[in-house]
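Let me begin by presenting the structure, written as structure tokens, before commenting on it.
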Amino acid sequence: MMGGSPEPTAGRGAALSPSPSSRSTARRPAGDAGAGSALDSAVRTYLGHLAVERGLAANTLSSYRRDLRRYAQVQAGRGREAVGEVTEEDVRAFLVGLREGDEDHPPLSAGSAARALVAVRGLHRFALREGLAAGDPAHDVKPPTPPRRLPKAISLEDVERLLGAAAGPSGDQGTARGLRDRALLELLYGSGARISEAVGLDVDDLDLRDGFARVAGKGGKARVVPIGDYAREAVDAYLVRARPELAGAGRGGPALFLNARGGRLSRQGAWMVLRAAADRAQLSEVSPHTLRHSFATHLLDGGADVRVVQELLGHASVTTTQVYTLVTVQLLREVYATSHPRARN
69 MMGGSPEPTA GRGAALSPSP SSRSTARRPA GDAGAGSALD SAVRTYLGHL AVERGLAANT
129 LSSYRRDLRR YAQVQAGRGR EAVGEVTEED VRAFLVGLRE GDEDHPPLSA GSAARALVAV
189 RGLHRFALRE GLAAGDPAHD VKPPTPPRRL PKAISLEDVE RLLGAAAGPS GDQGTARGLR
249 DRALLELLYG SGARISEAVG LDVDDLDLRD GFARVAGKGG KARVVPIGDY AREAVDAYLV
309 RARPELAGAG RGGPALFLNA RGGRLSRQGA WMVLRAAADR AQLSEVSPHT LRHSFATHLL
369 DGGADVRVVQ ELLGHASVTT TQVYTLVTVQ LLREVYATSH PRARN
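In our numbering, the protein residues as written are 69 to 413.
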């Protein structure tokens with residue numbers, strides 16, 4: 069057994085008899101549940117495996133860590149001190165708890181609960197393979213089915229309003245931050261990159277002469293994305309007139325997009341830039357993926373092949389990209405319903 073707690077026998081006894089020590093264990097604060105237990109140790113080992121052997125991206129690993137820490141706490145509260153003690157009923161109860169929420173956590177959507185279950189199932193498969201458990205209690209637990217939601221794209225006119233507002237009020241158009249913000253949003257729409265991919269870019273990842281950038285996508289998979297003329301002009305203006313000023317506030321570094329302190333702009337910082345531009349453009353339904361969704365939808369509306377769009381977006385499966393075709397079909401239906409003389413009842 070891995071990484072035993074100071075009182076492993078008492079912890080296991082909690083599941084068998086209502087001794088004073090077991091009642092004390094059950095009343096542990098939620099923040100301490102599972103700390104130092106064999107289950108907690110198994111979680112740490114599995115996360116290490118994901119980081120080293122599987123090479124999971126930092127953001128994905130962070131999500132797994134958060135979900136599995138909560139899982140270990142919940143199972144410790146149910147008297148499970150080792151990964152091999154967890155039953156299928158325990159896993160199902162955890163999933164129900166995610167959907168219902170508790171005093172410390174709001175209810176999760178079906179999609180978020182399904183993501184957490186992926187982490188849990190991975191943990192138990194790993195434990196079985198490594199001999200930490202005799203079975204896999206999560207094997208037959210099915211994730212909740214999230215409702216199918218179409219990606220929310222905005223019209224070309226709204227994109228132009230958003231990009232026009234990117235550099236801030238008229239007095240901020242030529243400031244370092246204004247030039248940076250315009251370059252960032254032009255690049256997001258012009259390339260279809262995720263926000264995390266854009267802020268992860270280094271200056272050397274760009275080839276403005278030929279108009280492309282090398283981005284590191286999910287799972288560390290690199291791809292080349294085009295940069296159109298508008299984005300090239302905005303990025304070039306930022307590099308020449310703004311980035312040196314921002315870099316002077318820090319120690320220097322390779323990052324393309326810098327914050328006010330000269331360090332790499334964070335995902336949260338980039339989202340704030342997008343949100344502020346949306347507010348100025350009076351666009352309410354904007355998310356971190358809005359420009360990426362709009363990039364894909366507008367390409368398909370223009371007749372682009374879905375497999376080309378798949379490559380540009382960095383999707384592993386064309387099925388993921390085909391969701392965007394439903395958006396264009398929906399638009400066609402709306403146009404037909406409002407325009408064709410025989411479409412009305």
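Idealized CB from N, CA, C, for every residue including glycine.
For residue i and residue j, which I take to be in contact (beta-carbon distance under 8 Å), what is that distance rounded to the nearest angstrom?
i, j, result
"V142", "A106", "About 16 Å; that fails the 8 Å criterion."
"E265", "A284", "7 Å"
"H192", "A201", "7 Å"
"V293", "L380", "6 Å"
"R319", "L326", "R319 to L326, Cβ: 11 Å. No contact."
Would you tell me roughly how many angstroms separate the C-alpha atoms of residue i and residue j, rounded to the nearest one?
i, j, result
"A328", "A317", "7 Å"
"E156", "G203", "10 Å"
"Y114", "A195", "8 Å"
"T128", "G288", "11 Å"
"A206", "G382", "31 Å"
"A103", "V267", "Note that A103 has pLDDT 49, beneath the 50 cutoff, so the model's placement of it is unreliable and the number below is only indicative. Spanning the two alpha carbons is a distance of roughly 35 Å."
"S334", "S385", "28 Å"
"A233", "A346", "8 Å"
"V444", "P312", "Lying outside 69 to 413, the shown extent of the chain, residue 444 is not represented and no answer is given."
"A126", "K286", "10 Å"
"I222", "A144", "46 Å"
"A178", "S131", "16 Å"
"R91", "V377", "Only weak support is given to the placement of R91: the predicted model assigns it a pLDDT of 33, under 50, and the question is left unresolved by the model."
"S180", "R229", "32 Å"
"F162", "L176", "12 Å"
"G147", "P356", "40 Å"
"M340", "A310", "19 Å"
Short check: CB of residue i to CB of residue j, under 7 Å?
i, j, result
"R262", "Y306", "no"
"D226", "L359", "no"
"L368", "L324", "no"
"R282", "V209", "no"
"L314", "G330", "yes"
"P211", "V271", "no"
"A140", "D172", "no"
Using a 10 Å radius around the Cβ and a threshold of 16 neighbouring Cβ atoms, would you call residue i buried or exposed?
i, result
"E149", "buried"
"G242", "exposed"
"L342", "buried"
"A224", "A small correction: the amino acid at residue 224 is Leu; Ala does not occupy that position in the sequence shown. Classification of L224: exposed, given that the 10 Å Cβ count is below 16."
"A349", "buried"
"R197", "exposed"
"A235", "buried"
"A372", "exposed"
Under 6 Å from any heavy atom of the ligand GDP, does the C-beta of residue i make it?
i, result
"S264", "Inclusion of the ligand GDP in the displayed structure is not the case, the ligand content being empty and no account of it being possible."
With contact counted as at least three CB pairs below 8 Å, one residue from each stretch, are the segment 184-193 and the segment 127-138 in contact? The segment 184-193 is in contact with the segment 127-138.
If we count Cβ pairs, one from each stretch, closer than 8 Å, do we get three or more for the segment 121-132 versus the segment 157-175? Touching, no, given that fewer than three Cβ pairs across the two stretches are closer than 8 Å.
Are the segment 276-283 and the segment 361-369 touching by the rule of at least three beta carbon pairs closer than 8 Å? Segments in contact, no.
On the three-pair Cβ rule with 8 Å, is the segment 255-271 touching the segment 294-314? Yes, the segment 255-271 is in contact with the segment 294-314.
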